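Chemist:
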Amino acid sequence: MSGFALAAFSNIFQLENLLFMFIGVASGILIGCLPGLTATMALAVLVPFTFTMDAASAFIVLGAVYVGAIYGGSISAILVNTPGTPSAIATTFDGFPLAKKGLAENALVAAAFSSGVGGIIGNICLLLFSPILATFALQFGPPEYFWLGIFGLTIITTLSSKSILKGLIGGTLGILISTVGMSPLGGDVRFTFGIPALQAGIELIVALIGFFCIPEIFFMIEKRTERYKVSEYKRNKGVVRQVIISLIRKPIMMVRSSLIGTIIGMIPAAGGNIAGMVSYNETVRFSKEKDTFGKGNIEGVASSETSNNAAVSGSLVPLLTLGIPGSPPAAILLGALMLQGMRPGPELYSAHGTVTYTFIFSIFLSNILMVVLGIYGAKYYARLINIPVNYLAPMIVFLTVVGSFAIRRNMVDVYLMVALGFIGYLTRKAGFHPGPITLGLILGPIAETGYVQSMLISKAEGGIFLLFLSRPITVFLIILSVITVFVPLWIEYRGRRKSLAERDKKRDD
Amino acid sequence: MINNERVSAILLMFIAGGALYYARSFSQLGRDFPTTFAVFLGVFSFILLVKSFVKPRKENLFENVETTYIVGAVVGIGLYVYVLPKLGFLLASIIFFAFFDWGLSENKKSTTTIGKALISGLVLSFLLYALFRYVLAVSLPKGVLG
Numbered sequence: 080m081s082g083f084a085l086a087a088f089s090n091i092f093q094l095e096n097l098l099f100m101f102i103g104v105a106s107g108i109l110i111g112c113l114p115g116l117t118a119t120m121a122l123a124v125l126v127p128f129t130f131t132m133d134a135a136s137a138f139i140v141l142g143a144v145y146v147g148a149i150y151g152g153s154i155s156a157i158l159v160n161t162p163g164t165p166s167a168i169a170t171t172f173d174g175f176p177l178a179k180k181g182l183a184e185n186a187l188v189a190a191a192f193s194s195g196v197g198g199i200i201g202n203i204c205l206l207l208f209s210p211i212l213a214t215f216a217l218q219f220g221p222p223e224y225f226w227l228g229i230f231g232l233t234i235i236t237t238l239s240s241k242s243i244l245k246g247l248i249g250g251t252l253g254i255l256i257s258t259v260g261m262s263p264l265g266g267d268v269r270f271t272f273g274i275p276a277l278q279a280g281i282e283l284i285v286a287l288i289g290f291f292c293i294p295e296i297f298f299m300i301e302k303r304t305e306r307y308k309v310s311e312y313k314r315n316k317g318v319v320r321q322v323i324i325s326l327i328r329k330p331i332m333m334v335r336s337s338l339i340g341t342i343i344g345m346i347p348a349a350g351g352n353i354a355g356m357v358s359y360n361e362t363v364r365f366s367k368e369k370d371t372f373g374k375g376n377i378e379g380v381a382s383s384e385t386s387n388n389a390a391v392s393g394s395l396v397p398l399l400t401l402g403i404p405g406s407p408p409a410a411i412l413l414g415a416l417m418l419q420g421m422r423p424g425p426e427l428y429s430a431h432g433t434v435t436y437t438f439i440f441s442i443f444l445s446n447i448l449m450v451v452l453g454i455y456g457a458k459y460y461a462r463l464i465n466i467p468v469n470y471l472a473p474m475i476v477f478l479t480v481v482g483s484f485a486i487r488r489n490m491v492d493v494y495l496m497v498a499l500g501f502i503g504y505l506t507r508k509a510g511f512h513p514g515p516i517t518l519g520l521i522l523g524p525i526a527e528t529g530y531v532q533s534m535l536i537s538k539a540e541g542g543i544f545l546l547f548l549s550r551p552i553t554v555f556l557i558i559l560s561v562i563t564v565f566v567p568l569w570i571e572y573r574g575r576r577k578s579l580a581e582r583d584k585k586r587d588d
Numbered sequence: 773m774i775n776n777e778r779v780s781a782i783l784l785m786f787i788a789g790g791a792l793y794y795a796r797s798f799s800q801l802g803r804d805f806p807t808t809f810a811v812f813l814g815v816f817s818f819i820l821l822v823k824s825f826v827k828p829r830k831e832n833l834f835e836n837v838e839t840t841y842i843v844g845a846v847v848g849i850g851l852y853v854y855v856l857p858k859l860g861f862l863l864a865s866i867i868f869f870a871f872f873d874w875g876l877s878e879n880k881k882s883t884t885t886i887g888k889a890l891i892s893g894l895v896l897s898f899l900l901y902a903l904f905r906y907v908l909a910v911s912l913p914k915g916v917l918g
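Heads up: the protein sequence lines correspond to chains A and B, in order.
For the first sequence, this note's numbering gives the first residue as 80, with consecutive numbering after it.
For the second sequence, this note's numbering gives the first residue as 773, with consecutive numbering after it.
#1: Which ranges does the alpha helix (DSSP H) cover as unbroken runs of at least 4 residues, wholly within the segment 376–435 of chain A, from first to last along the chain?
#2: Tell me which residues of the segment 838–868 of chain B have at least one Cβ-Cβ distance to chain C shorter than 8 Å, keeping chain order.
#3: For the candidate residues Asp492/A, Ser429/A, His431/A, Leu401/A, whose alpha-carbon lies nearest to that of Ile521/A?
#4: Helix, strand or coil for Leu159/A? Go by DSSP, reduced to three states.
#5: Say whether chain B places a C-beta atom closer than 8 Å to the C-beta of Asn469/A.
#6: Excluding the 5 residues flanking Ser136/A on each side, which residues of the same chain have their C-beta closer than 6 Å to its C-beta?
#7: For chain A, check one thing: does any of its Cβ atoms lie closer than 8 Å to the Cβ of Lys794/B?
#8: Assign Asn879/B to buried or exposed, taking buried as 16 or more other Cβ atoms, counted over all protein chains shown, within 10 Å of its Cβ.
#9: Across which residues does DSSP place Glu831/B in a beta bridge pair?
#10: I need the straight-line Cα distance from Ser844/B to Lys577/A, nearest angstrom please.
#11: In chain A, which residues lie less than 7 Å from Phe809/B when you measure between Cβ atoms?
#12: Give me the Cβ distance between Gly340/A and Ser358/A, rounded to the nearest whole Å; I'm assuming they're in contact under 8 Å.
#13: In whole angstroms, what is the alpha-carbon distance linking Tyr841/B and Val493/A?
#14: Which complete alpha helix (DSSP H) runs does the segment 82–139 of chain A hold, if anything under 4 residues is left out?
#15: Determine contact between the segment 363–380 of chain A and the segment 137–144 of chain A, defined as no fewer than three beta-carbon pairs at a distance below 8 Å.
#16: Going by Cα to Cα distance, which pick from Ile543/A, Asp583/A, Phe192/A is closest to Pro221/A?
#17: Please report the residue range of the alpha helix (DSSP H) in which Ser533/A lies.
#18: So for Val309/A, helix, strand or coil by DSSP?
#19: I need the DSSP call for Arg487/A, collapsed to helix, strand or coil.
#20: Looking at chain B, which residues of the segment 502–532 of chain A have a Cβ within less than 7 Å of any of its Cβ atoms?
#21: Look up Arg314/A in the DSSP assignment and give the residues it is bridged to.
#22: Does the count of Cβ pairs from the segment 299–315 of chain A and the segment 483–492 of chain A closer than 8 Å reach three?
#23: Which bits of chain A does Gly802/B rub up against, with CB to CB less than 8 Å?
#24: Could you tell me which residues DSSP pairs with Met261/A in its beta bridges?
#25: Assuming Gly350/A contacts Ala390/A under a Cβ cut-off of 8 Å, what Cβ separation, rounded to an integer in Å, is found between them?
#26: Taking Cβ positions only, does Asn776/B come closer than 8 Å to chain A?
#27: Closest by CA to Thr808/B, which one among Phe547/A, Leu264/A, Arg582/A, Gly523/A?
#28: In angstroms with no decimal places, state the Cα-to-Cα distance between Ile774/B and Val826/B.
#29: Should Ala902/B be flagged as near chain A, meaning a C-beta pair shorter than 8 Å?
#30: Ala409/A and Leu427/A: beta carbons closer than 8 Å?
#31: What are the start and end residues of the alpha helix (DSSP H) that includes Pro294/A?
#32: For Ile199/A and Asn446/A, I'd like the C-alpha separation in whole angstroms.
#33: For Gly111/A and Gly82/A, which I take to be in contact (beta-carbon distance under 8 Å), what is that distance rounded to the nearest angstrom?
#34: For the segment 854–861 of chain B and the segment 321–335 of chain A, state whether three or more C-beta atom pairs, one from each stretch, are separated by less than 8 Å.
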């Protein structure tokens with residue numbers, strides 16, 4: 080590892096890459112602080128433009144944007160009571176009350192500092208655990224990969240949608256879309272409807288841009304007349320020092336929130352928003368001043384922000400080791416890895432070790448840069464929150480069109496991106512979250528290759544069920560998949576029974 | 773008001789059925805996986821259909837939404853990607869940006885709005901063109917201007 084680490088640092092400290100990191104963090108914060116624009120969208124739009132860069136620079140800029148955007152969400156959460164990204168939902172609970180009390184600067188400094196701390200602790204966990212997990216992945220054969228794909232899908236369908244049924248439909252639809260093009264084994268050309276450009280399949284990044292960016296344009300247009308009232312604040316001497324010292328004196332809260340963020344980040348689909356909420360709840364639970372939360376307690380801001388930025392690195396653990404993205408932005412990064420010809424797993428820590436460690440260490444440094452830019456630049460970012468939709472929407476259209484064209488220099492990809500975007504908008508309106516659909520698209524090829532290879536192996540081993548049930552990891556993954564689907568259904572059923580019983584009891588009384 | 777879940781379920785069942793029908797011509801190695809998931813999609817969609825009858829939920833998905841603007845944006849984006857390979861990135865983008873900006877403005881008849889839309893279309897399209905072409909070295913659709 081030390082050889083890779085040295086090479087990684089020499090990569091990062093090239094002037095060009097430091098500049099990329101700065102631009103990445105700065106633009107990430109800007110995108111994050113604009114309500115309606117998310118980290119996922121920023122990364123989806125950016126990935127095609129990194130295609131021409133060398134892999135190390137590409138991942139430096141992508142990591143920097145991811146880190147910046149997740150923090151950026153806190154600026155609008157604090158100043159306009161609207162989270163810039165879903166990760167900052169819990170930040171609004173105490174961030175905005177602090178701003179209303181005239182303590183916006185305190186909240187912004189706390190958000191920036193705690194985001195940095197969370198990001199760094201998460202990054203250390205990524206550095207320590209991901210190589211171990213990647214080595215464990217060496218034990219995976221086709222049956223394990225098939226069930227890993229299924230497990231990833233079941234967990235996202237149950238976590239990311241309000242309705243488990245709609246999540247399952249989204250996931251299976253995504254898998255079906257992933258089968259368009261040449262089959263991985265057998266050479267069949269499937270569901271191309273005579274369009275030659277579809278023979279190579281639907282380009283993952285094109286689909287991700289379509290599903291995550293185009294619908295946002297329509298949602299922005301829906302809210303085009305909305306203007307946010309930004310809380311004004313003046314910078315006061317000594318606030319930065321005072322807030323940082325007060326947070327350093329809360330090491331347990333900071334470490335607990337970081338670990339919650341990292342662990343939740345590792346769970347596919349759980350992401351920064353759940354991390355922030357869970358961490359906030361735990362901070363309230365352990366606090367002696369429970370009543371002050373929701374009314375402007377700085378610990379509320381710090382716990383949410385520590386956790387959501389720790390989830391950034393957490394979400395990269397299953398991505399880099401097993402190819403299962405821990406969050407929607409991580410799904411985009413998977414597309415970026417594939418575009419650069421890199422396959423998640425042990426190879427990333429051996430053959431592509433320099434690029435991987437460059438990426439990991441660059442996230443560490445991006446967090447430090449983010450703290451500085453966040454503390455001293457939040458005021459200037461706040462002025463951009465009300466950029467009119469008239470300018471923002473067509474700019475995003477340009478970026479999505481150029482991005483989807485640039486990958487294969489093919490207009491069919493652009494048409495496909497726009498069509499998937501329209502479908503994505505309508506499906507979101509109908510309550511189908513894009514997460515399961517896109518994860519189906521990502522995991523489809525992994526699961527199919529695993530399934531078909533398992534089928535071939537099983538012919539010599541007495542049938543596919545025997546093959547699945549004779550391997551401990553596969554059995555474990557099958558059990559996890561079943562639990563993931565049925566436990567939430569059981570909880571929902573129990574909840575419904577309980578509320579019905581209560582209603583009957585009230586009626587009897 | 774329509775029952776969106778019912779419409780979605782029927783549409784998805786058609787997709788599942790279509791996939792099953794087309795998959796018949798594939799070899800076994802290429803057929804098994806999509807067939808399995810088409811069946812799953814069909815079953816889940818059928819459950820959604822049943823649910824839409826048991827607990828009917830009628831809602832207007834576009835309530836409080838100015839649909840004219842959404843339809844305008846869909847048509848605008850559709851036309852933009854249609855003319856893009858014919859006119860090229862720069863020309864198509866200038867027209868698209870100016871129309872989009874003007875279309876989303878409040879005071880459409882004002883000459884100031886039209887002028888501002890044209891200027892912003894020209895300036896931003898040229899800026900993005902220069903950024904993509906010369907800084908990021910990204911391929912752009914060429915069209916009549918080459």
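Just so you know, even glycine gets a beta-carbon here, dropped at the ideal spot from N, CA and C.
Keep in mind the model is a prediction, meaning the values are calculated, not measured.
Modeler: According to the structure shown:
#1: 377–401, 407–418
#2: No chain C appears in this structure, whose protein chains are A and B.
#3: Translated into the one-based positions of the first sequence, residue 521/A becomes position 442. Comparing Cα positions, the closest option is Leu401/A.
#4: The sequence position of residue 159/A within the first sequence is 80, counting from 1. The question names Leu, but residue 159/A is Val in the sequence shown. Coil, per DSSP.
#5: In the first sequence, the residue the question calls residue 469/A occupies position 390. Chain B contact via Cβ: present.
#6: Taking the first sequence and counting its residues from 1, the one referred to as residue 136/A is at position 57. Within the same chain, Ser136/A has close Cβ partners Asn96, Phe99.
#7: In the second sequence, residue 794/B corresponds to position 22, counting from 1. Position check: residue 794/B holds Tyr in this sequence, whereas Lys was assumed. Interface residue, yes.
#8: By 1-based counting over the second sequence, the position of residue 879/B is 107. Counting Cβ neighbours within 10 Å, Asn879/B comes out exposed, since fewer than 16 surround it.
#9: The residue labelled residue 831/B in the question sits at position 59 within the second sequence. BP columns for Glu831/B point to Ile774/B.
#10: Mapped onto the second sequence, residue 844/B falls at position 72. Mapped onto the first sequence, residue 577/A falls at position 498. According to the sequence displayed, residue 844/B carries Gly and not Ser. Looking at the two C-alpha atoms, the distance is approximately 48 Å.
#11: In the second sequence, residue 809/B corresponds to position 37, counting from 1. Residues of chain A passing the Cβ test: Thr251, Ile254, Leu255.
#12: Within the first sequence, residue 340/A is the residue found at index 261, counting from 1. Within the first sequence, residue 358/A is the residue found at index 279, counting from 1. Indeed, because the Cβ distance is near 6 Å, the residues count as touching under 8 Å.
#13: By 1-based counting over the second sequence, the position of residue 841/B is 69. By 1-based counting over the first sequence, the position of residue 493/A is 414. Going by the C-alpha atoms only, they are around 22 Å apart.
#14: 94–112, 118–129
#15: no
#16: Counting from 1 along the first sequence, the entry for residue 221/A is found at position 142. The option with the nearest alpha carbon to Pro221/A is Ile543/A.
#17: Within the first sequence, the letter at position 454 stands for residue 533/A. Ser533/A -> alpha helix (DSSP H) spans 513–537.
#18: Sequence index remark: in the first sequence, residue 309/A carries index 230 (1-based). Of the three classes helix, strand and coil, the one that applies to Val309/A here is coil, per DSSP.
#19: For the purposes of this step, residue 487/A is identified with residue 408 of the first sequence, where counting begins at 1. In the structure shown, Arg487/A falls within a helical segment according to DSSP collapsed to helix, strand and coil.
#20: Lys508, Ala509, Glu527, Tyr530, Val531
#21: Locating residue 314/A in the first sequence gives position 235, where the first residue counts as 1. DSSP, once it has assigned bridges, lists no residue as partnering Arg314/A.
#22: no
#23: By one-based count along the second sequence, residue 802/B stands at place 30. Ordered by position in chain A, the residues that pass the 8 Å Cβ test against Gly802/B are Ser262, Leu264, Gly265, Gly266, Asp267, Arg269.
#24: Taking the first sequence and counting its residues from 1, the one referred to as residue 261/A is at position 182. Looking at the DSSP assignment, Met261/A forms a beta bridge with Val268/A.
#25: Your numbering for residue 350/A matches position 271 in the first sequence. Your numbering for residue 390/A matches position 311 in the first sequence. That pair is a contact at about 6 Å.
#26: Numbered from its first residue, the second sequence carries residue 776/B at position 4. With 8 Å as the cut-off, Asn776/B counts as an interface residue toward chain A.
#27: For the purposes of this step, residue 808/B is taken as the residue at position 36 of the second sequence. Of the listed residues, the one whose Cα sits closest to Thr808/B is Gly523/A.
#28: Within the second sequence, the letter at position 2 stands for residue 774/B. Within the second sequence, the letter at position 54 stands for residue 826/B. Cα to Cα, the separation comes out at about 15 Å.
#29: Here residue 902/B is taken as the residue at index 130 of the second sequence, counted from 1. It does not: the Cβ of Ala902/B has no partner Cβ on chain A nearer than 8 Å.
#30: Here residue 409/A refers to the residue found at position 330 of the first sequence. Here residue 427/A refers to the residue found at position 348 of the first sequence. Cβ atoms of Ala409/A and Leu427/A: not closer than 8 Å.
#31: Translated into the one-based positions of the first sequence, residue 294/A becomes position 215. It spans 293–301 - the alpha helix (DSSP H) in which Pro294/A sits, taken as one unbroken run.
#32: Against the first sequence, residue 199/A aligns to sequence position 120. Against the first sequence, residue 446/A aligns to sequence position 367. Looking at the two C-alpha atoms, the distance is approximately 7 Å.
#33: Locating residue 111/A in the first sequence gives position 32, where the first residue counts as 1. Locating residue 82/A in the first sequence gives position 3, where the first residue counts as 1. Gly111/A to Gly82/A, Cβ: 35 Å. No contact.
#34: no
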